[in-house]
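One structure is given here, and the rest of the page talks about it.
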Ligand code: CA
């Protein structure tokens, strides 16, 4: 009689073999792999950290984090609003490739089959968890919630604490909050102010990670997204700012700075700071007209493809592997973080990533270390929002293709505030960049979008004709 091994024996054998590989990895160099911490803030202005020029808001602890690593002045996100920007960040692919061009409140611009990142897309969290990392999302998700497979625990995160939607009251109540801990609604308020609570949850997650296991934490603060709500003691520090919204925003930034201080101190106290790769940035530019943020010297705001909507402050710190006190001035994009993290974690991207998909980022580490000379991570970067507004940066030239007007052309090296449209002086360059933008669109759709005729509302006209503050207030 033919005998079959029992399923339990097969499982034991499989675990044994897997265990051999895991142990081989462990014994090879137990402390080599860094922890990875993404500190993503929400709707922060480009000019609202003191290390990025703010004269009103002192952020000494975030400045110190930059001083311990690399301050990046030309880092971009791939979307000008929250949800598509995060879809690009976590997949390492232009989110346009899977039809994700707007927030989920605009389902006509998100693939209707999903209303989430499609399930065949793997996220940074999936890759790092498969590589043995302990993973957490703490804070804002905003990447789908209408099916179980949309939720963070199904997308590579071992632990989730936070909200699924795009914003939240900063003083949650037991009977009035939208917070979740994994798959359970939160009924008890442990920390009164949400920014502080996310910070505490992060420290607890770090402490819960078993010794010797690296962790990946996607700490996604909603600070300083609206509603503008700050603690009284923080508001008191900015009593000299007359405008109430700006005063509250400054107080929220102060709380964020104190949170970064607590996290860095904890990492230092536990001996983990030197081998933790920390990336601090904002998911899109500041919406000046709603949260009183300032993007100076950039023009424009959240939702726009001018620099004020898509260029954000980045700080990249990893004392063990990156230089300290350095400023990096070449353009890159959030899509680069996936390959950067895989490289840092020693994960072979070629055998891990889906060969049928296009990944748009590059490993930034050699660039940040200065090993690439003057070479840029990208010669060309692209953006498209809601199927119409589009932009391309090629070298230092940037072309904006907006539906209500002829293309605009700016030279960012000489005009970072995009105040001097040079399109009429360089018609051949405009044609070349329009074609290049169209060629990029053809990599993920059948027809390029040329000039589209759309209803130009009074509200849109007001937004695009607004004047934004491109100098810092004292
Ligand atoms: Ca945002």
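Residue numbers (the working numbering): 22 to 495. Note that beta-carbon positions come from the ideal geometry of N, C-alpha and C, so glycine has one too.
Between residue 465 and residue 117 the beta-carbon gap is near 6 Å, inside 8 Å, which marks them as a contact.
Where residue 285 is concerned, the enclosing alpha helix (DSSP H) starts and stops at 265-290.
Residue 316 has its CB no nearer than 7 Å to any heavy atom of ligand 1.
By the Cβ test, the segment 271-290 is not in contact with the segment 448-466, since fewer than three Cβ pairs between them sit closer than 8 Å. When DSSP states are grouped into helix, strand and coil, residue 311 belongs to the helix group. The residues 346, in chain order, have a CB closer than 6 Å to that of residue 88 in the same chain once the five nearest residues on each side in sequence are set aside. It is roughly 6 Å from the alpha-carbon of residue 356 to the alpha-carbon of residue 381. Note on geometry: alpha-carbon atoms of residue 205 and residue 239 lie some 19 Å from one another.
Secondary structure at residue 173: helix, using DSSP grouped into helix, strand and coil.
In the displayed model, residue 146 falls within a helix according to three-state DSSP. For residue 83, no beta strand (DSSP E) segment is defined; the enclosing uninterrupted segment is the alpha helix (DSSP H) at 81-88. Pairing residue 54 with residue 366 gives a Cβ-Cβ distance under 8 Å. Per DSSP, reduced to three states, the secondary structure at residue 96 is strand. Spatial neighbours of residue 450 in its own chain (CB-CB distance under 7 Å, excluding positions within 5 residues in sequence) are listed in chain order as 418, 430.
Three or more Cβ pairs closer than 8 Å define a contact, and the segment 325-337 meets that threshold against the segment 86-101. The beta carbons of residue 219 and residue 203 sit no closer together than 8 Å. Taking non-hydrogen atoms of ligand 1 into account, the C-beta of residue 304 is found less than 7 Å away from one of them.
In the structure shown, the three-state DSSP call for residue 60 is strand. In the three-state DSSP reduction, residue 429 falls in the strand class (E or B).
Annotation for residue 69 indicates a beta carbon at 7 Å or more from all heavy atoms of ligand 1. Taking all protein chains in view, the Cβ of residue 263 is surrounded by fewer than 16 other Cβ atoms within 10 Å, so the residue is classified as exposed.
A distance criterion of 7 Å places the beta-carbon of residue 246 in contact range of ligand 1, judged by its closest non-hydrogen atom. Sequence-distant Cβ neighbours of residue 209 in its own chain, meaning closer than 8 Å and more than five residues away, are 195. The nearest non-hydrogen atom of ligand 1 is less than 7 Å from the C-beta of residue 103.
The secondary-structure analysis by DSSP pairs residue 411 across a beta bridge with 405, 422. Taking C-alpha positions only, residue 71 is separated from residue 84 by approximately 7 Å.
By the Cβ neighbour-count rule, residue 265 is exposed, with fewer than 16 other Cβ atoms within 10 Å of its own. If you look at residue 349, you'll find it in the beta strand (DSSP E) that goes 347-349.
Leaving aside the five residues that flank residue 187 on each side, the residues in its chain whose CB is nearer than 6 Å to its CB run, in chain order, 103, 163. Boundaries of the alpha helix (DSSP H) around residue 388: 386-389.
In summary, residue 488 is exposed, with fewer than 16 beta-carbon neighbours lying within 10 Å of its beta-carbon over all protein chains present. Contact between the segment 54-64 and the segment 234-253 is present: 3 or more CB-CB pairs across the two stretches fall below 8 Å. The residue among 388, 228, 189 with its C-alpha nearest the C-alpha of residue 244 is 189.
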